[in-house]
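The block underneath contains the structure these notes are about, expressed in structure tokens.
In our numbering, the protein residues as written are -3 to 335.
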């Protein structure tokens, strides 16, 4: 709501939630009274061009289909699906429409990551050899929410997907992955058996290497010592590290001294609520990007196919852990699910 209300390119038409009390709270908070508890009524509103979906993962496909069938473009939060079971159906469905589906991988739209991407696209890294991505946070506070402890909870899909997406952004053609994962007593204390420390190595046919790391229920070293999310690119002409939630970007390019670029002046834009634990600025950046795509007739990324292939990589990662760290080919997963 904050992103749409502050945008010069979007008009917030209506919000929807089954919880009427929550709708009233948000209406009071933002001074915006046009809300409904009926998704069908929202879809019938001809003034709405785009539906933004932030519902539980298992409802995403249903809500996407309903929105597209109503003639709307769609923004859907990650993961686009809770598993690959409906992936082929989603891809087939989106192939039959001219409506656009954009999957909101918010970390791509954080300030340091945007600068890193621009440098990469400008060729400043040279030939890319290695990508290192991590998402490390003590997320036990999340398990204090009773709904988070429902059957099927996964640190892997709920948290680590950010780091996996960063790897696929730079190495989209990963062919093989291997890794290990453990469940700590800290997660088991909440009655859950969910991997909370994970380490993976991936590669593609060209020989590029990527590492993906995550810890979610252990004490951390703090943001000054290690950022919550980080993406390192190492190439023949330069190395960079973009951080979240630190507004810091480290660079060392050929012919230059190592530099630290800080964007702390933008903290109020990115973090509008709950200290540094909200993604409002990233959301605003990606809805502006989506507006550009719609105006220019270009395909927003990640789209359904890119998001599904990220889930395919995560399925291969899961299989590797279950097989004791054995390498798993993505082709195995893609073939099995008809992707």
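Cβ atoms here follow ideal geometry from the backbone N, Cα and C, with glycine treated the same way.
Residue i (DSSP reduced to helix, strand or coil)
i, result
"residue 330", "helix"
"residue 124", "strand"
"residue 178", "strand"
"residue 31", "strand"
"residue 230", "strand"
"residue 267", "coil"
"residue 315", "helix"
"residue 239", "strand"
"residue 189", "coil"
"residue 282", "helix"
"residue 160", "helix"
"residue 196", "strand"
"residue 3", "coil"
"residue 26", "helix"
"residue 245", "strand"
"residue 135", "helix"
"residue 300", "helix"
"residue 44", "coil"
Presumed contact (8 Å Cβ cut-off) between residue i and residue j, rounded CB distance
i, j, result
"residue 116", "residue 166", "7 Å"
"residue 178", "residue 193", "5 Å"
"residue 69", "residue 290", "7 Å"
"residue 121", "residue 229", "5 Å"
"residue 125", "residue 205", "7 Å"
"residue 227", "residue 300", "Not a contact, Cβ separation roughly 23 Å."
"residue 307", "residue 118", "Their Cβ separation, rounded to whole angstroms, is 30 Å, which puts residue 307 and residue 118 out of contact at 8 Å."
"residue 10", "residue 30", "5 Å"
Residues that DSSP places opposite residue i in a beta bridge
i, result
"residue 289", "Paired residue(s): none; residue 289 is not in a bridge."
"residue 72", "49, 99"
"residue 19", "Paired residues: none, contrary to the question."
"residue 325", "172"
"residue 259", "DSSP output for residue 259 lists no bridge partner at all."
"residue 320", "DSSP lists no partner for residue 320."
"residue 11", "31"
"residue 210", "131, 194"
Own chain partners of residue i with C-beta closer than 8 Å, once the 5 adjacent residues on each side are dropped
i, result
"residue 53", "75, 77, 78, 153"
Proximity test, residue i beta-carbon vs the ligand GTP heavy atom, cut-off 8 Å
i, result
"residue 322", "The ligand content of the structure shown is nil, which means the ligand GTP is not present either."
Rounded straight-line distance, which links the Cα of residue j to that of residue i
i, j, result
"residue 190", "residue 142", "16 Å"
"residue 1", "residue 288", "17 Å"
"residue 13", "residue 93", "26 Å"
"residue 224", "residue 257", "17 Å"
"residue 339", "residue 242", "Because the chain is modelled from -3 through 335, residue 339 falls outside the range shown and cannot be assessed."
"residue 43", "residue 66", "12 Å"
"residue 319", "residue 41", "50 Å"
"residue 280", "residue 3", "7 Å"
"residue 270", "residue 211", "22 Å"
"residue 20", "residue 150", "31 Å"
"residue 110", "residue 17", "37 Å"
"residue 162", "residue 38", "33 Å"
"residue 249", "residue 231", "9 Å"
"residue 33", "residue 15", "7 Å"
Same chain, Cβ closer than 7 Å to residue i, five either side skipped, listed in chain order
i, result
"residue 8", "-3, 0, 1, 28"
"residue 5", "284, 287"
"residue 316", "173, 174, 175, 322, 323, 324"
"residue 309", "160, 164, 170, 173, 326"
"residue 90", "97, 300"
Same chain only: Cβ atoms within 6 Å of residue i, ignoring 5 sequence neighbours per side
i, result
"residue 98", "71, 286, 296"
"residue 246", "237, 256"
"residue 259", "107, 243"
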